[in-house]
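What follows is one structure encoded as structure tokens, with my remarks underneath.
Number of protein chains: 2
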Amino acid sequence: MAEKPVQGAQVVSRVARLLRIVGRAPETGAALPDIVDAAGLTRPTVYRLLNSLAAEGLLDHNTETNTWHLGPELYVMGAVAAGRYAIEDLARPSLQRLADETGESAFLSIRRGDETVCLLRVEGSFPVRSFVLHEGVRFPLGVASAGLAIMAFLPEEEVDRLLDDGGARVERFGPAHSAESIRANLEATRRAGYTVNPGLILEGSWGMGAAVFDRNGQPAWALSLTGIEQRFRPERQEMLGKLLLEEAHKITQQLKEPQSR
Amino acid sequence: MAEKPVQGAQVVSRVARLLRIVGRAPETGAALPDIVDAAGLTRPTVYRLLNSLAAEGLLDHNTETNTWHLGPELYVMGAVAAGRYAIEDLARPSLQRLADETGESAFLSIRRGDETVCLLRVEGSFPVRSFVLHEGVRFPLGVASAGLAIMAFLPEEEVDRLLDDGGARVERFGPAHSAESIRANLEATRRAGYTVNPGLILEGSWGMGAAVFDRNGQPAWALSLTGIEQRFRPERQEMLGKLLLEEAHKITQQLKEPQSR
DNA sequence: GCTGGGCTGTCCATTTTGTGGACAGCTGGT
DNA sequence: ACCAGCTGTCCACAAAATGGACAGCCCAGC
Numbered sequence: 168m169a170e171k172p173v174q175g176a177q178v179v180s181r182v183a184r185l186l187r188i189v190g191r192a193p194e195t196g197a198a199l200p201d202i203v204d205a206a207g208l209t210r211p212t213v214y215r216l217l218n219s220l221a222a223e224g225l226l227d228h229n230t231e232t233n234t235w236h237l238g239p240e241l242y243v244m245g246a247v248a249a250g251r252y253a254i255e256d257l258a259r260p261s262l263q264r265l266a267d268e269t270g271e272s273a274f275l276s277i278r279r280g281d282e283t284v285c286l287l288r289v290e291g292s293f294p295v296r297s298f299v300l301h302e303g304v305r306f307p308l309g310v311a312s313a314g315l316a317i318m319a320f321l322p323e324e325e326v327d328r329l330l331d332d333g334g335a336r337v338e339r340f341g342p343a344h345s346a347e348s349i350r351a352n353l354e355a356t357r358r359a360g361y362t363v364n365p366g367l368i369l370e371g372s373w374g375m376g377a378a379v380f381d382r383n384g385q386p387a388w389a390l391s392l393t394g395i396e397q398r399f400r401p402e403r404q405e406m407l408g409k410l411l412l413e414e415a416h417k418i419t420q421q422l423k424e425p426q427s428r
Numbered sequence: 168m169a170e171k172p173v174q175g176a177q178v179v180s181r182v183a184r185l186l187r188i189v190g191r192a193p194e195t196g197a198a199l200p201d202i203v204d205a206a207g208l209t210r211p212t213v214y215r216l217l218n219s220l221a222a223e224g225l226l227d228h229n230t231e232t233n234t235w236h237l238g239p240e241l242y243v244m245g246a247v248a249a250g251r252y253a254i255e256d257l258a259r260p261s262l263q264r265l266a267d268e269t270g271e272s273a274f275l276s277i278r279r280g281d282e283t284v285c286l287l288r289v290e291g292s293f294p295v296r297s298f299v300l301h302e303g304v305r306f307p308l309g310v311a312s313a314g315l316a317i318m319a320f321l322p323e324e325e326v327d328r329l330l331d332d333g334g335a336r337v338e339r340f341g342p343a344h345s346a347e348s349i350r351a352n353l354e355a356t357r358r359a360g361y362t363v364n365p366g367l368i369l370e371g372s373w374g375m376g377a378a379v380f381d382r383n384g385q386p387a388w389a390l391s392l393t394g395i396e397q398r399f400r401p402e403r404q405e406m407l408g409k410l411l412l413e414e415a416h417k418i419t420q421q422l423k424e425p426q427s428r
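Order-wise, the sequence lines are chains R and L.
Residues in the first sequence are numbered consecutively from 168, following our numbering.
Residues in the second sequence are numbered consecutively from 168, following our numbering.
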């Protein structure tokens, strides 16, 4: 996502970057200084672009709090695009069941290039919850259980490419995300079918994930559960993993059926 | 949507325009020459922008057919934005019921600035169907039953502003869309509660619509039905109108309930 | 089998367009 | 009263987008 793609594209890639940044904070909205930092652009430029995007309805500017949100036009386009990418309807009942039966929070993430994006969340009943993951949050593949679950079923050369990011991942997420650690986790994932993330991103905040496959057999989505360490003891992991695999499989199967568009 | 908004925004507005154009053809995709026409830009410029957008995942380029589609990134962002604009989940059962009970095709449209955009469609069982309206299609307010239904509940001065578009509407959609004709239709809509579009856009292709109101009492969406003239005889209109109003009211009520975000 | 229309993809000189350093002015904390 | 950090805006400058032009492809029609 970093390399310069086409010529004459500078603004487009900047705009896309801004949209992604704003999209990461659907609840609170994103503040200008934060966006400036995250985008690595100068403030006037970001300011101008954000305003232009808002004028087109692609963003929303809350003038009270001075926060920026994804706008109605994106919602509309997303709804139209959903015809081609519909999975949420299939996944929602599964998430609900996962949350109901486990008490943990359940998530659907989708693979987008070299990242995963969280699309849907169903909160569990257990009163201690982690807020590392929520709608719009992006992680590189290999970080967080969803991305690990997906990565485990990618071809070896792609895994190599993804792991070799010149240290950016380790720097951002810590030494537990070294290539070796991740490879070990992928291996364990392939054996069990599901991933366990033992607090790699935030100590005490555990997660488990299972991949969902598209019609071509590619791992394109993942279901995951998050919660505190005490709820992911080995005895319970087996039960949680079984549930995740069940639901993931259910969705994978359903995706094979309807021959629409 | 035409006036230049902010300075330094040219590309942003062009990009937004392109996305909207591509979004109008979710089924077939849009071909480059058509996009060039619709956008009023030169081909190299459109070409470059489309490619840049595709590189960012905002568009999809089908290289077989050389068509352009809304891309996965838009889908993802739309899903995230949906948290703030959720209505589809509420509307889908209503559309289903409308389609089931009437046999016509049922639609949900949303107001977006001075236009309506069709978000959802449920096909009816009746074997003759009109394809004027489908997901992604945009009409100016005042054209098509959804836009009329919404417009009927806007303040007078806004109606004035919308109708006074310097003849563009009449030129594009025909003399049946003169300010006077529309005003008469709005009047009738306010009396009945629902709109009847007696083949104004395409002869023989009728429609009926009813507005759905947001929490502030603004008409922000519309349910509509389309079909052939013979299925919209006066006797049946009453029944169809009643159904539309019922479902529209049901959604309006539901929107008032959940105090989320 | 040739011709022409319409298409995709690309180049590069031109200049329009976006850029960002700098500044004004506001707010809230101390 | 001061400072830190914020929003909003200006404008000289140069980089980046623009679009006219061209090469080459494919298919329909004759």
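We treat Cβ as the ideally placed atom computed from N, Cα and C, and that holds for glycine.
Counting C-beta atoms within 10 angstroms of its own C-beta, residue 322 of chain L has fewer than 16 neighbours from the protein chains shown and is therefore classed as exposed. Rounded to the nearest angstrom, the gap between the Cα atoms of residue 419 of chain R and residue 407 of chain L is 39 Å. Taking a C-beta distance under 8 Å as the contact criterion, residue 247 of chain L and residue 240 of chain R do not qualify as a contact pair. Contact of residue 279 of chain R with chain L by beta-carbon distance below 8 Å involves 224, 239, 240, 243.
Closer than 8 Å to the CB of residue 228 of chain L there is not a single CB belonging to chain R. Fully enclosed beta strand (DSSP E) runs of no fewer than 3 residues occupy 362-364, 372-380, 386-395 of the segment 338-415 of chain L, in order along the chain. Listed as beta-bridge partners of residue 227 of chain R by DSSP are R/236.
Under the three-pair Cβ rule at 8 Å, the segment 344-358 of chain R counts as touching the segment 325-332 of chain R. Annotation for residue 343 of chain R: 367 place their beta carbon closer than 7 Å to its own, counting only its chain and skipping 5 residues before and after. Here DSSP, grouped into helix, strand and coil, assigns residue 200 of chain L to helix.
Between residue 317 of chain L and residue 386 of chain L the beta-carbon gap is near 4 Å, inside 8 Å, which marks them as a contact. Scanning its chain for C-beta atoms nearer than 7 Å, with the 5 sequence neighbours on each side dropped, one finds around residue 304 of chain R the residues 191, 285, in chain order.
In the DSSP annotation of this structure, residue 275 of chain L is not part of any alpha helix (DSSP H); the continuous beta strand (DSSP E) holding it starts and ends at 272-279.
With respect to residue 288 of chain L, residue 274 of chain L sits close: the two C-beta atoms are nearer than 8 Å.
Inclusion of residue 269 of chain L and residue 392 of chain L in the CB contact set at 8 Å is warranted, their separation being smaller than that value. Using beta-carbon distances, residue 216 of chain L counts as an interface residue toward chain R, with a partner under 8 Å. For the segment 290-304 of chain R, the set of positions with a beta-carbon nearer than 7 Å to some beta-carbon of chain L reads 302, 303 in chain order. Within chain L, 246, 249 have C-beta atoms less than 9 Å from the C-beta of residue 255 of chain R, given in sequence order.
A direct Cα-to-Cα measurement between residue 199 of chain R and residue 251 of chain L gives close to 20 Å. Sorting R/338, R/299, R/324 by C-alpha distance to the C-alpha of residue 394 of chain R places R/299 at the top.
For the pair of segments examined, the segment 231-240 of chain L was found to touch the segment 177-194 of chain L: the number of CB pairs separated by less than 8 Å reaches three. For the segment 286-331 of chain R, the full-length alpha helix (DSSP H) segments reaching 4 residues or more read 311-318, 323-330 along the chain. Not a single CB atom of chain R sits nearer than 8 Å to the CB of residue 312 of chain L. Against chain L, a Cβ distance below 7 Å from residue 220 of chain R picks out 179. Annotation for residue 221 of chain R: the continuous alpha helix (DSSP H) segment containing it runs 210-222. Between residue 223 of chain R and residue 179 of chain L the beta-carbon gap is near 6 Å, inside 8 Å, which marks them as a contact. For residue 371 of chain L and residue 365 of chain L, the gap between their C-alpha atoms comes out near 8 Å. By a beta-carbon distance limit of 8 Å, residue 398 of chain R contacts residue 271 of chain R. Their separation comes to about 6 Å. For residue 284 of chain L, the residues of chain R that pass the 8 Å Cβ criterion are 243, 247, in the order they occur in the chain. Against chain R, the CB of residue 203 of chain L has no partner CB under 8 Å away; the residue lies outside that interface.
With a contact defined as Cβ atoms closer than 8 Å, residue 415 of chain L and residue 378 of chain L qualify at about 6 Å. Close CB contacts of residue 225 of chain R within its chain, under the 6 Å cut and outside five residues either way in sequence, are with 238, 240, 241 (chain order).
Per DSSP, the beta-bridge partners of residue 282 of chain L are L/279, L/307. Residue 245 of chain L carries a helical assignment under DSSP once its states are collapsed to helix, strand and coil.
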